[in-house]
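A quick write-up on the structure given underneath.
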Amino acid sequence: MILDVTDTELLLARAQALEMQKPFSFVLTPLPEDALAMALLEKVPFLSGFLRSIDGTGVAVSKLAYIKGNELAGEISSGFRVAGVIIALVDFIRIPLMFLAAWLLNRPLPVTLSHTGRWLYSTVVLGLALAGVLAPITVAPFIALAAGCLAFAVSVFVFVKHFYDRYQTKQALRQSIIDIDKAESKLRVLLREAQQLSILLHDPKEKTNYPYYVIQLKPLQEKLERRKEKLQSLYDKQFENLQFMNELGWSGVRDKTVGMAIAMAGVIGLALALFFPHIGLVLFAISAAASGVYIIGLVTYLLTPIVIEKFRAKFAMESTRTDELQPLIEKQELAQVANLEELNFFDSGVTEDRNLASTSLTMLTLFSEKEAIETLREQEQHRKSLEQIDKNLSTYIERQDVPKIIYFFSDMARYTQFHQATEGDIIIFLNYFTNTERALQVLNQTLRNNEVTKQDVDQLLSYPPLTRVLIDRGVTALPYQSAHFVQSSQALNWSAACMQDNDPESNLKHLTH
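In terms of this note's numbering, the sequence shown has 1136 at position 473, counting the first letter as 1, and numbering is strictly consecutive.
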């Protein structure tokens, strides 16, 4: 079977091969704070909701003191003991309620070792709380000691688990470096294949093989895209592990060390209370108080900057709503919009006519604020229209829709002539679009192949400024015809409303302002 490709298809294939070799970058998206916190919590296989909220700071001992500690002295009221049971009961039923809610909402059941472990731990705490209420006063000290030992064991486990998680995260980071290096090597192989195909597609000696090279482009591009996605996911995972490592820093070690020390002091106090009640209870009370002070200090340290920032934002918002400042704010906003417009204009690579870019700043001086705002809104709408045209043109290039590309230039010829646009206007318009050069190449090649209708050719030749610009930009297959140069009294605004979809039936119905 003999395959063949047209010159237009060959041109598009060459452009596609070059496009595949363009430099690219990967964007790292950090995990949201809540997602990061939840991911870190899942690393702890068992902790009740209460312990998890303060993660090994020793306040668990304070909770146990509410349930058991003061009972050693016989001074706690029955209300405190009942409250302790209620707290433990809520903790006990929380996990089953999560399963019930997931079942009712037809969501996947969160069956994990972490949830099961926390539920078992809550069961133990509930049992100890009930025992503290129902058991005789002579048994209460031993129950309290058991609860204290449990809290200490959990604190030790969390402390050890912290270092284990750091080790695991470091290993994951090392592995991610290896995986990324392998993925980049495979990606470089594909890029070399694209480069080789590009060379072959430009080699006249390989002309008979052009059709086979063109066929290879599509699967190669698909492989390249999949490899880029894989590499992006590896970079995301590496960045996620870096965030984990940052969260598992030495501040976490400090908190867990303090929690373990306070839990140990509580256990020692409870053990001494069996033989020396006054000394043991004093030590236990000191540990409970220390845990409370530490938590209050830590929360204050973390929340103070947030509260201050919220108050500042609130006062700033209230001040912006005052009638006295509103006119000044509106003027400042107008100036910012104008500056941004000018910055974006020049960043896009358009440098031919700086006066057009400063139109917004001029309007602020010449017109009233209301007129300036309305004009700026129209310009913003005009900018969005140009972006839509750019998107459409990129789609035509990607789909290799040659008729639509030809009509793009034919439509441009009609409206440049209607609005008497200058060569500078046309250059600015062409430079706005990202795929102008590829579109011009397609136009030139189709003209060489006589694949453009006489009507479209005549339309392209009907306005000399456009004809000269197209020839200067590489459309050498377009025959030049001398014509009178017409000065323009309008800028780029003629283009956007007329060419949003490049559809012959819709564009001809539009007239620009």
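Every residue gets a Cβ at the ideal spot worked out from N, C-alpha and C, and that includes glycine.
Residue closest to residue i, alpha-carbon to alpha-carbon, out of the options
i            : options                : result
residue 1062 : 1098, 1049 and 1088    : 1098
residue 1053 : 1066, 1102 and 1081    : 1102
residue 1110 : 928, 1073 and 1080     : 1073
residue 891  : 874, 976 and 852       : 852
residue 1105 : 1069, 884 and 1094     : 1069
residue 830  : 821, 911 and 688       : 911
residue 900  : 861, 945, 867 and 835  : 835
residue 946  : 820, 963, 937 and 928  : 928
residue 821  : 921, 874 and 1134      : 921
residue 816  : 930, 1124, 869 and 846 : 930
CA-to-CA distance, residue j to residue i, given in whole angstroms
i            : j            : result
residue 894  : residue 854  : 14 Å
residue 669  : residue 1114 : 11 Å
residue 673  : residue 1112 : 12 Å
residue 684  : residue 857  : 7 Å
residue 908  : residue 941  : 44 Å
residue 827  : residue 932  : 30 Å
residue 823  : residue 1059 : 60 Å
residue 859  : residue 1138 : 27 Å
residue 1100 : residue 1094 : 9 Å
residue 676  : residue 973  : 56 Å
residue 885  : residue 971  : 51 Å
residue 667  : residue 863  : 16 Å
residue 937  : residue 812  : 14 Å
residue 703  : residue 867  : Model confidence at residue 703 stands at a pLDDT of 45, short of 50, so the residue's coordinates are unreliable and nothing is read from them.
residue 832  : residue 1067 : 53 Å
residue 716  : residue 896  : Only weak support exists for where residue 716 lies, its pLDDT of 35 falling under 50; the value from the coordinates is given anyway. Distance between the alpha carbons of residue 716 and residue 896 is about 31 Å.
residue 777  : residue 923  : Because the pLDDT at residue 777 is just 48, under 50, the model does not fix this residue reliably, and the value given afterwards should be weighed accordingly. The straight-line gap from Cα to Cα measures roughly 21 Å.
residue 633  : residue 888  : A query on residue 633 cannot be resolved here, the shown segment of the chain reaching from 664 to 1176 and no further.
residue 871  : residue 1127 : 40 Å
residue 939  : residue 968  : 45 Å
residue 1129 : residue 1079 : 8 Å
residue 671  : residue 861  : 15 Å
residue 1090 : residue 1107 : 17 Å
Start-to-end residues for the alpha helix (DSSP H) that takes in residue i
i            : result
residue 891  : 873-910
residue 678  : 670-683
residue 1088 : 1086-1095
Where residue i sits in the DSSP three-state scheme
i            : result
residue 938  : coil
residue 1138 : coil
residue 1115 : coil
residue 1079 : helix
residue 1044 : helix
residue 1063 : coil
residue 1107 : helix
residue 846  : helix
residue 839  : helix
residue 1027 : Residue confidence is low: residue 1027 scores 44 on pLDDT, short of 50, so the model does not pin down where it sits. Its coordinate-derived value is still stated next. In this structure, residue 1027 counts as helix in the three-state DSSP scheme.
residue 1098 : coil
residue 667  : coil
residue 825  : helix
residue 1125 : coil
residue 750  : Note that residue 750 scores a pLDDT of 48, beneath 50, so its modelled location is shaky; the value from the coordinates is reported in the next line. In this structure, residue 750 counts as helix in the three-state DSSP scheme.
residue 866  : coil
residue 968  : helix
residue 688  : coil
residue 743  : Any reading at residue 743 needs caution, since the residue's pLDDT is 40, under 50, leaving its predicted position unreliable; the model's value is listed next. It is helical.
Q: Answer yes if the stretch 1131-1144 comes into contact with the stretch 1104-1120, meaning at least three C-beta pairs across the two stretches below 8 Å, and no otherwise.
A: yes
Q. Does the stretch 880-889 touch the stretch 666-682, meaning 3 or more C-beta pairs lie closer than 8 Å?
A. yes
(Q) With a threshold of 8 Å, are at least 3 pairs of Cβ atoms found where one atom belongs to the stretch 823-841 and the other to the stretch 901-909? (A) The answer is yes - the stretch 901-909 touches the stretch 823-841, with three or more Cβ pairs under 8 Å.
Q) Counting Cβ pairs closer than 8 Å, one from the stretch 1068-1088 and one from the stretch 1043-1051, do we hit at least three? A) no
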